[in-house]
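Peer 1:
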Amino acid sequence: MIDARIAAGIGLAALIALPFLLPTYFLHIVIQALLLGLINTAWSFMGRFGLVSIGHGAFMGVGAYTSALLWNLYGVTPWLGIPAGMVLAVLLALVIGYPCFHLKIVGHYFALVTLALGQVVALLIIAARDITGGSLGMTPRAVGTSVLALQFQDRTQFYFVAVLLWLVVLGIRAWMSRGMRRAALEAIGEDETAAEAAGINVLREKLWVFVMSAAVTAAGGSVFAQYIMYLNPETVSGVGVSLQIVFAAIAGGMYSALGPTVGALLTLSLTEGLRVLFGTMLIGAANTIYGILLILFIIFMPRGILGVVDGWLRRRPQPQAAPAE
Amino acid sequence: MDIYLLEAVMNGIMLGGLLALLALGLNLIFGVIDVVWICYAELVMGGMYAIYWLHAVYAWPFLLACVAAIALVALFGLLMHRLIIEPILGSAPINQLLATGGMLFFLQSVATLLFGTDFRNVGIRLPIIELGDIDLSFARLLAFIAAIVGAAGLYLFLAKTYLGTAIRAIAQDREIMGLMGVDPRRIYLITSTIGGGLAGLAACLLVLQYDVHPFIGLTFGPITFMICVLGGLGNMFGGVIAAFIMSQIIAIVGYYFSVEISYVLAFVLFIVLIVIRPQGILGR
Chain A
1 MIDARIAAGI
11 GLAALIALPF
21 LLPTYFLHIV
31 IQALLLGLIN
41 TAWSFMGRFG
51 LVSIGHGAFM
61 GVGAYTSALL
71 WNLYGVTPWL
81 GIPAGMVLAV
91 LLALVIGYPC
101 FHLKIVGHYF
111 ALVTLALGQV
121 VALLIIAARD
131 ITGGSLGMTP
141 RAVGTSVLAL
151 QFQDRTQFYF
161 VAVLLWLVVL
171 GIRAWMSRGM
181 RRAALEAIGE
191 DETAAEAAGI
201 NVLREKLWVF
211 VMSAAVTAAG
221 GSVFAQYIMY
231 LNPETVSGVG
241 VSLQIVFAAI
251 AGGMYSALGP
261 TVGALLTLSL
271 TEGLRVLFGT
281 MLIGAANTIY
291 GILLILFIIF
301 MPRGILGVVD
311 GWLRRRPQPQ
321 AAPAE
Chain B
326 MDIYLLEAVM
336 NGIMLGGLLA
346 LLALGLNLIF
356 GVIDVVWICY
366 AELVMGGMYA
376 IYWLHAVYAW
386 PFLLACVAAI
396 ALVALFGLLM
406 HRLIIEPILG
416 SAPINQLLAT
426 GGMLFFLQSV
436 ATLLFGTDFR
446 NVGIRLPIIE
456 LGDIDLSFAR
466 LLAFIAAIVG
476 AAGLYLFLAK
486 TYLGTAIRAI
496 AQDREIMGLM
506 GVDPRRIYLI
516 TSTIGGGLAG
526 LAACLLVLQY
536 DVHPFIGLTF
546 GPITFMICVL
556 GGLGNMFGGV
566 IAAFIMSQII
576 AIVGYYFSVE
586 ISYVLAFVLF
596 IVLIVIRPQG
606 ILGR
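As given, the protein sequences belong to chains A and B, one line each in that order.
Sequential numbering of the first sequence, starting at 1, is according to the numbering used here.
Sequential numbering of the second sequence, starting at 326, is according to the numbering used here.
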């Protein structure tokens, strides 16, 4: 346990030192990785219990557009706009989740319902083009550096916002993984009927993870849009984004706390690396590699990169312990 | 009745034929192997590019290009099952869906790499049929007829042939069929090949109506999944009915409001229907 604490301390120190060591460009990637990483982590709240959503872009879109529209149209600060977006996302999750879980819609049926939900949100954003700008996207009104507007000219400041939020989400994940609740959810993931028979309120537990996941995803979507300062139905909602979330979470390892963030870092460095190496000549090359990797990960490494690393770390102490007996 | 509304209804019927055809192959795979090929529309896109390339660039006759495209996509379906689905057939169904999601990314970006993001047209202009005051696109009528013929052909194959019977039996009970001397592995491979071939057939008809671009799959893919589920898995007839219901909603609501709102309503209807009738509109 002391090992873990030392590791956490070193990690935290590194996180604080990072913005002063990294060039701006890399800091930009790290900030995006943290923000997308926390969204992927929110997806894995449900994903790791077999509740796979391929429409999480819906919640991201609801969060991002709610806060941006409130700011642009009524001048409402994102500090209120983000919670408003989270509330809307939670309501959406309840409206979809309650009947689905009540009627035991699971597996790929549930996945297809979330796909439909993602389409509904993306299409509504496009349809409301008078205020959202439709497919052309929109820009939150810029006011320079302002804490009230959650806008920072200096990347280092935004970096600390991202780190703080990311740590909060990791904290939520740890809090959600405690004791009985986790055991109950794992049981549901294994066999719903048996879990029900064992006295677990399946409906309530599943709604709980769905709602938490939706709320965090909405917040992440808002802050991400706030950082990029540009919203587009393709980049914060829709099928493409939803599938990218799933891929990153699986590749990084959805069963590990840091896995989804590692996934975000991996996908971002892949895109950026290929862009720097080949320029725009090879547009689409990154997604080609994503696609192949996703297939390979699901076939050979369903627990993701950190899942494999965890496996090694856990196996290593055993031979040392054996001679002592 | 408003003449434009009537035209919208007629166009809806034609769109229904196209959607029914698209849903056909997916429905077969969904029903028999219990796998969702989330990249199904991207297979169609691949077929469309194949036809474009063979016909518009290498100047093959259109029909020959179509036959080649159907064979190509059928082979792709076979390989996809053999290489991607088969190794993970034993794991949770959602994993298979996600693996084909990887294929979706792959196909989209390979198409972008090879052909760029330009919209490409095969350059075949079919005549417009005038029915009184209503204009009907011949390409759409062709798609409609092909969908009906395709559905009927598939129905006859499944109902009348030994192989078809084996495929239906596997869909009903996977475990017992192995004991009855049917090799599920072979049946799955055959089903995947037919499913791919049907995607190729859909490509032949779509290429007459739409320009090809790498992301065309996203425009009609999601609605196709909804139709399959609504029709009831593996229920060909249900799939056709669901395709016509969805296409009428899209056509009529699109006429009164906008295309986006019509699709929104179609997806909302899907969510509502799957919740009240998870077994599909014609489910047992």
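The C-beta atom is built at its ideal place from N, Cα and C for all residues, glycine as well.
(1) Tell me, please, whether the CB atom of A/Gln28 is closer than 7 Å to any CB atom in chain B?
(2) Assess contact between the region 383–397 of chain B and the region 12–28 of chain A, defined as three or more Cβ pairs (one per stretch) separated by less than 8 Å. Is contact present?
(3) Using a Cβ-Cβ cut-off of 7 Å, state whether A/Leu35 counts as contacting chain B.
(4) Mind listing which residues of the region 283–313 of chain A have their C-beta closer than 7 Å to chain B's C-betas, in chain order?
(5) In chain order, what residues of the region 142–164 of chain A put their CB closer than 7 Å to some CB of chain B?
(6) Buried or exposed for A/Ala174, please, with buried defined as at least 16 other CB atoms from any protein chain shown within 10 angstroms of its CB.
(7) Going by beta-carbon coordinates alone, are A/Ala89 and A/Ala214 separated by less than 7 Å?
(8) Apart from the five residues just before and just after B/Ala591, which ones in its own chain have a Cβ nearer than 6 Å to its Cβ?
(9) What number of angstroms, rounded off, separates the C-alpha of A/Ile228 from the C-alpha of B/Val507?
(10) Can you give me the C-alpha to C-alpha distance between A/Gln318 and A/Asp310, rounded to a whole angstrom?
(11) Of all the options B/Val593, B/Leu598, B/Phe550, which has the alpha carbon lying nearest to the alpha carbon of B/Glu367?
(12) Confirm, please, whether the CB-CB distance from A/Val308 to A/Leu35 is below 7 Å.
(13) Near B/Gly522, which residues of its chain fall below 6 Å by C-beta distance, leaving aside the five closest residues on each side in sequence?
(14) Assuming contact is defined by CB atoms lying nearer than 7 Å, are A/Ala184 and A/Glu205 in contact in what I supplied?
(15) Return helix, strand or coil for B/Leu400, following the three-state DSSP convention.
(16) Taking a cut of 8 Å between CB atoms, which residues from the region 51–65 of chain A lie near chain B?
(17) Where does A/Pro323 sit, in a helix, a strand or coil, going by DSSP?
(18) Comparing the C-beta of A/Val326 with each C-beta of chain B, is any distance below 7 Å?
(19) Is the shortest distance between the beta-carbon of B/Ile577 and the beta-carbons of chain A less than 7 Å?
(20) What residues in its chain sit with their C-beta under 8 Å from that of A/Leu22, if we drop five residues either side in the sequence?
(21) Which residues mark the beginning and the end of the beta strand (DSSP E) in which B/Glu455 is found?
(22) For A/Arg48, count neighbouring Cβ atoms within 10 angstroms of its own Cβ and tell me buried if that reaches 16, exposed if not.
(23) Grab me the residues of A/Pro323's own chain with a C-beta within less than 6 Å of its C-beta, minus the 5 sequence neighbours each way, in chain order.
(24) Does DSSP put B/Ser587 in a helix, in a strand, or in coil?
(25) Which of the three DSSP states is assigned to B/Ile515 in this structure?
(26) Out of B/Phe430, B/Ile454, B/Ile548, B/Leu598, which one is the CA nearest neighbour of B/Leu351?
(27) Against chain A, which members of the region 337–369 of chain B pass a CB distance test of less than 8 Å?
(28) Determine the DSSP secondary structure at B/Asp460, reduced to helix, strand or coil.
(29) Measuring CB to CB, does A/Leu268 end up less than 7 Å from A/Gln32?
(30) Cβ closer than 7 Å: which chain B residues qualify as neighbours of A/Pro78?
(31) One question on the structure: do B/Arg465 and B/Met561 come within less than 7 Å of each other, judged by their Cβ atoms?
(32) Less than 7 Å between the C-beta atoms of B/Ile519 and B/Ala491, yes or no?
(33) What are the boundary residues of the alpha helix (DSSP H) that A/Ile326 is part of?
(34) Give, in chain order, every residue of the region 425–437 of chain B whose Cβ lies closer than 9 Å to some Cβ of chain A.
(35) Kindly list, in the order they appear in chain B, the residues whose Cβ is closer than 8 Å to that of A/Val246.
(36) Out of B/Leu598, B/Val578, B/Thr544, point me to the one whose CA is closest to B/Val334's CA.
Peer 2: Reading it off the structure:
(1) At residue 28 of chain A the sequence reads His, which differs from the Gln that was named. No - not a single Cβ of chain B is within 7 Å of the one on A/His28.
(2) no
(3) no
(4) Ile283, Gly284, Ala285, Asn287, Thr288, Tyr290, Gly291, Ile292, Leu294, Ile295, Ile298, Ile299, Pro302
(5) none
(6) exposed
(7) yes
(8) Met571, Ile574, Ile575
(9) 57 Å
(10) Residue placement at A/Gln318 cannot be trusted, given a pLDDT of 49 that sits under 50; what the coordinates show is reported in the next sentence. Using only the alpha carbons, I get a separation of about 14 Å.
(11) B/Phe550
(12) no
(13) Ile395, Ala399
(14) yes
(15) helix
(16) Val52, Ile54
(17) Because A/Pro323 carries a pLDDT of 41, less than 50, the predicted location of this residue cannot be relied on, and the following value inherits that uncertainty. Residue state, collapsed to three classes: helix.
(18) Lying before the first or after the last residue shown, residue 326 of chain A is absent from chain A, which here runs from 1 to 325.
(19) no
(20) Val30
(21) 453–456
(22) buried
(23) Because A/Pro323 sits at a pLDDT of 41, beneath the cut-off of 50, its placement in the model cannot be relied upon, and the following sentence gives the value as read from the coordinates. There are no such residues.
(24) helix
(25) helix
(26) B/Ile548
(27) Val361, Ile363
(28) strand
(29) yes
(30) Ordered by position in chain B, no residue passes the 7 Å Cβ test against A/Pro78, which lies about 27 Å from the chain.
(31) no
(32) no
(33) No statement about residue 326 of chain A is possible, as the shown extent of chain A runs from 1 to 325 and does not include it.
(34) Thr425, Gly426, Gly427, Met428, Leu429, Phe430, Phe431, Leu432, Gln433, Ser434, Val435, Ala436, Thr437
(35) Leu423, Gly426
(36) B/Val578
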